[in-house]
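Each residue of the sequence shown is one higher than the last, beginning at 742 in our numbering.
Structure first, then comments.
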Amino acid sequence: MKPETLRQIRAGQPSGDAKRDALVRFVRLLVLTQGTLSDEEFAAIRGAGYTDEQLVDISLTLAVITFTNVFNRINDTTLDFPAAA
742 MKPETLRQIR AGQPSGDAKR DALVRFVRLL VLTQGTLSDE EFAAIRGAGY TDEQLVDISL
802 TLAVITFTNV FNRINDTTLD FPAAA
């Protein structure tokens with residue numbers, strides 16, 4: 742992925758790819774609502790072309806990232822890589 746596209750995604754700006762932008766909106770909603778989505782929001786991600794299996798994978802990925810972040814904060818893990826640009 743191009744660096745400019747990554748910057749757009751991190752800033753919450755459209756990237757020009759409708760399916761990717763739907764994914765970004767969905768993940769942001771999951772984080773902001775702690776997983777409580779309306780029927781319309783769920784229909785939007787399904788309408789963008791994501792399958793139930795993919796939505797499970799997306800949710801699992803978010804859960805693993807959240808767990809890892811909490812675990813690292815509890816244990817004051819030293820970061821050994823540079824910050825994202």
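Glycine included, each C-beta is placed from N, C-alpha and C at the ideal position.
Given the structure is predicted, the values throughout are model-derived calculations rather than measurements.
- By the neighbour-count criterion, in which a residue is buried when 16 or more other Cβ atoms sit within 10 angstroms of its Cβ, F783 is exposed.
- The Cβ-Cβ distance between I815 and V768 does not fall below 8 angstroms.
- By the Cβ-count criterion, L747 is exposed, with fewer than 16 other Cβ atoms from all chains shown falling within 10 Å of its own Cβ.
- By the CB criterion at 8 angstroms, I750 and V765 fall inside the cutoff.
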